[in-house]
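Since the structure comes first, as structure tokens, the remarks are kept for the end.
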Amino acid sequence: MHLYVHIPFCHRICPYCAFFKHTPASTDMKLFIRALGREVESRAAALSTDRGGETATLYFGGGTPSMLSDTHLGRLMETLDRLVPVDRLDEFSFEANPATFTEKKVRFWRSLGMNRVSLGVQSLDPGILHLLGREHTPEQALHSVEMLKNAGMPHINMDLMFAIPGQTLSTWEATLREAVRAGTDHVSAYNLTYEEDTEFFRSLLRGEKRQDPDEDAAYFELAEHMLEAAGMQHYETSNYAREGCRSPHNMAYWKGEDYVGIGPGAVSTINGIRYSNTRDTDAYIRSTLENGLPLSEQEPVTAEDYRLERIALMLRTDEGLPLKYILPESRPLLEQYRELGLADISPEQRLILKGRGRLLVDAIAAELC
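Under UniProt numbering, the first residue of the sequence shown carries the number 1, and numbering increases by one thereafter.
Below you can see the structure in the form of structure tokens.
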């Protein structure tokens, strides 16, 4: 089992981000932390359903988890550590904004047993950072990597984004070069997508921004070339890692393992049922403190739902998609992909995309569904 903790707070709302998040405003942080602890206690049975009663990974996402004070994070970890012993985790990962922590804070994180930090850098170009509404400068981002390394953080990921309005291949190349030079062992390189309910999406509808798949492909190929040349393995469409540095938490999602999500807006998949917590932080706090569990919606994950999700997610990985998830009527497509040089079939009977096939993963997944 895997545990995800959602911290929805941000100092400001980035114009491209569709995750559930908001500014702290008048949220009572003591009550929020208490509610998270109460929910994880109520989910304790689910958290010990496999792996000999142990949880495998713990991931704090957001929002901006690094906004939590040491006091609030420490109180939450006291509860979590009783139910999810940190010293037995495969991974304890934490998302952080480079502008929201200090060396002292990093040392505290290490004392809690944290072994991976994912930095929301997005770009190392000042103009692009301004366009994205990011608070940090390139210098702050690179300094944050140094602070993490100096504190002995075992794994450091840098989130980067390409195909951003105003970005050029040369600025993207410069960002990738600096990311490699900084010495991170994991890079997530995401194609900007225009998500509904974001300012970027509204700007796209107004004709102020545009999408060009051919230009996106050039950015993708440049990232793949530079990061692989730097010794990183391209193990998922948007993720690169040095040997032994892949993220087990993310791999669990792609493989379809069960996970528990706590916090407002968090999602869980447990024994074929998907739970979605309310996307209202005040309602989350009230319901959880009164009833032990937040207001949530639930729906079954049918066998067909699961099959389609595996196609969409496992096809993105270098391990590939087991052929058992492909219906007989779609099998003729496999030979076409091989003839076109888009994929191979491994001895373990997995469809593994290669070359331009990795660029076309979404279109291939749609065909196989």
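Where a beta carbon is used, it is the ideal one built from N, C-alpha and C, also for glycine.
This one's a predicted model, so the numbers in the text were calculated from it and none came from an experiment.
*Taking all protein chains shown into account, do 16 or more other C-beta atoms lie within 10 angstroms of the C-beta of residue 169, making it buried, or fewer, making it exposed?*
As a first step, residue 169 is located in the sequence shown; it is residue number 169 there, counting from the start. Flag for residue 169 reads exposed.
_Residue nearest to residue 212 in terms of C-alpha spacing, selected from 61, 163, 240, 238_ = As a position in the sequence shown, residue 212 is number 212, starting the count at 1. Checking every option, the nearest Cα to that of residue 212 belongs to 163.
*Spatial neighbours of residue 51 in its chain, beta-carbon cut-off 6 Å, leaving aside the 5 residues before and after*: Locating residue 51 in the sequence shown gives position 51, where the first residue counts as 1. Confidence at residue 51 is low in this model, with a pLDDT of 45, below 50, so the placement of that residue should be treated as unreliable; the coordinate-derived value is given next. Within the same chain, residue 51 has no close Cβ partners at all.
*Where residue 215 and residue 192 are concerned, what is the direct C-alpha to C-alpha distance, given to the nearest angstrom?*
Against the sequence shown, residue 215 aligns to sequence position 215. Against the sequence shown, residue 192 aligns to sequence position 192. Looking at the two C-alpha atoms, the distance is approximately 12 Å.
*asked:* Can you look up residue 372 in the DSSP assignment and give me helix, strand or coil?
replied: Here the chain covers residues 1 to 369 and nothing more, so residue 372 does not appear.
*Since residue 129 contacts residue 14 with CB under 8 Å, what's their CB separation in whole angstroms?*
As a first step, residue 129 is located in the sequence shown; it is residue number 129 there, counting from the start. As a first step, residue 14 is located in the sequence shown; it is residue number 14 there, counting from the start. That belief does not hold up - the Cβ atoms of residue 129 and residue 14 are roughly 10 Å apart, past 8 Å.
*Jot down the residue ranges of each uninterrupted beta strand (DSSP E) in the stretch 32-114, minimum 3 residues, whole runs only, in chain order.*
Contiguous beta strand (DSSP E) elements confined to the stretch 32-114 occur at 57-62, 91-96, taking only those with 3 or more residues.
*asked:* Could you check whether the stretch 53-65 touches the stretch 75-93, counting it as contact only if at least three pairs of C-beta atoms, one from each stretch, sit closer than 8 Å?
replied: A contact exists between the stretch 53-65 and the stretch 75-93.
*By Cβ distance, which residues of its chain are closer than 6 Å to residue 158, with the 5 residues on each side in sequence left out?*
For this step, residue 158 is matched to residue 158 along the sequence shown. If we look at residue 158 and ignore the five residues flanking it on each side, its Cβ neighbours are 119, 121, 179, 184, 187.
*asked:* For residue 21, count the other beta carbons within 10 Å of its own beta carbon; 16 or more makes it buried, fewer makes it exposed. Which is it?
replied: Taking the sequence shown and counting its residues from 1, one reaches residue 21 at position 21. By the 10 Å Cβ count, residue 21 comes out buried.
*Using beta-carbon positions only, say whether residue 195 and residue 16 come within less than 9 Å of one another.*
To locate residue 195, count along the sequence shown from 1; it is residue 195. To locate residue 16, count along the sequence shown from 1; it is residue 16. Here residue 195 is near residue 16, since their CB atoms are less than 9 Å apart.
*Proximity below 9 Å, CB of residue 10 to CB of residue 155*: Here residue 10 refers to the residue found at position 10 when the sequence shown is read from its first residue. Here residue 155 refers to the residue found at position 155 when the sequence shown is read from its first residue. In this structure, residue 155 does not lie closer than 9 Å to residue 10 by Cβ.
*Where are the beta strand (DSSP E) runs, 3 residues long or more, that stay fully inside the stretch 240-289, in chain order?*
As far as the stretch 240-289 is concerned, its whole beta strand (DSSP E) runs of at least 3 residues are 259-262, 267-270, 273-277.
*Can you grab the Cα-Cα spacing for the pair residue 267 / residue 5, in whole Å?*
Along the sequence shown, one-based indexing puts residue 267 at 267. Along the sequence shown, one-based indexing puts residue 5 at 5. When rounded, the distance between both Cα atoms is 10 Å.
*Flag this pair as touching only if the stretch 329-341 and the stretch 285-300 have three or more C-beta atom pairs under 8 Å; answer yes or no.*
Verdict: no, contact absent.
*Mapping DSSP to helix, strand and coil, what is residue 308?*
Working through the sequence shown from its first residue, we reach residue 308 at position 308. In the three-state scheme derived from DSSP, where H, G and I count as helix and E and B as strand, residue 308 is classed as helix.
*Excluding the five sequence neighbours on either side, which residues of its own chain have a C-beta within less than 6 Å of the C-beta of residue 247, listed in chain order?*
Counted from its first residue, the sequence shown places residue 247 at position 247. Within the same chain, no Cβ atom closer than 6 Å to the Cβ of residue 247 is found once the five residues on either side in sequence are excluded.
*Taking residue 308 as the reference, give the member of 38, 369, 250, 317 with the closest Cα.*
Walking along the sequence shown from the start, residue 308 turns up at place 308. Of the listed residues, the one whose Cα sits closest to residue 308 is 369.
_Three Cβ pairs or more, each shorter than 8 Å: is that satisfied between the stretch 141-153 and the stretch 106-116?_
With a cut-off of 8 Å, the stretch 106-116 and the stretch 141-153 count as touching, because enough Cβ pairs lie within range.
*Classify residue 117 as helix, strand or coil using the three-state DSSP reduction.*
On the sequence shown, residue 117 is found 117 positions in, with the first residue counted as 1. Here DSSP, grouped into helix, strand and coil, assigns residue 117 to strand.
*Give the DSSP-derived three-state secondary structure of residue 297 in the structure shown.*
Walking along the sequence shown from the start, residue 297 turns up at place 297. Correct three-state label for residue 297: strand.
*Are residue 345 and residue 353 closer than 9 Å when you measure CB to CB?*
For this step, residue 345 is matched to residue 345 along the sequence shown. For this step, residue 353 is matched to residue 353 along the sequence shown. Residue 353 sits away from residue 345, with the two beta carbons spaced by 9 Å or more.
*With a CB to CB cut of under 6 Å and the five nearest residues on each side skipped, what residues in its chain are close to residue 239?*
Taking the first residue of the sequence shown as 1, we reach residue 239 at position 239. If the five residues before and after residue 239 are omitted, its C-beta is found closer than 6 Å to the C-beta atoms of 188, all from its own chain and listed in chain order.
*asked:* Judging by CA-CA distance, which residue of 62, 221, 269, 173 is the nearest neighbour of residue 1?
replied: Your numbering for residue 1 matches position 1 in the sequence shown. The shortest CA-to-CA distance from residue 1 to any of 62, 221, 269, 173 is the one to 269.
*What whole-angstrom Cβ distance do residue 41 and residue 79 have, given they're in contact under 8 Å?*
For the purposes of this step, residue 41 is identified with residue 41 of the sequence shown, where counting begins at 1. For the purposes of this step, residue 79 is identified with residue 79 of the sequence shown, where counting begins at 1. Between residue 41 and residue 79 the beta-carbon gap is near 7 Å, inside 8 Å, which marks them as a contact.
*Could you check what DSSP says for residue 2 in three-state terms: helix, strand or coil?*
Taking the first residue of the sequence shown as 1, we reach residue 2 at position 2. Assigned with DSSP and collapsed to three states, residue 2 falls in strand.
*Locate the beta strand (DSSP E) running through residue 188, then write down its first and last residues.*
Sequence index remark: in the sequence shown, residue 188 carries index 188 (1-based). That run of the beta strand (DSSP E) goes 186-191.
*asked:* Does residue 226 come out as helix, strand or coil in the three-state DSSP assignment?
replied: Residue mapping note: residue 226 aligns to position 226 of the sequence shown, counting from 1. The answer is helix: DSSP assigns residue 226 an H, G or I state.
*CB-CB under 6 Å to residue 217, same chain, minus the five flanking residues each way: which ones, in chain order?*
For the purposes of this step, residue 217 is identified with residue 217 of the sequence shown, where counting begins at 1. Excluding sequence neighbours, residue 217 sits near 359.
*Given a threshold of 16 other Cβ atoms within 10 Å of its Cβ, counted over all protein chains shown, does residue 28 qualify as buried or as exposed?*
Taking the sequence shown and counting its residues from 1, the one referred to as residue 28 is at position 28. Burial call: exposed.
_Looking at residue 95: is its Cβ nearer than 9 Å to the Cβ of residue 71?_
Reading the sequence shown from its first residue, position 95 is the one you call residue 95. Reading the sequence shown from its first residue, position 71 is the one you call residue 71. Cβ atoms of residue 95 and residue 71: not closer than 9 Å.
*How many angstroms separate the CA atom of residue 172 from the CA atom of residue 235?*
Taking the first residue of the sequence shown as 1, we reach residue 172 at position 172. Taking the first residue of the sequence shown as 1, we reach residue 235 at position 235. Distance between the alpha carbons of residue 172 and residue 235 is about 21 Å.
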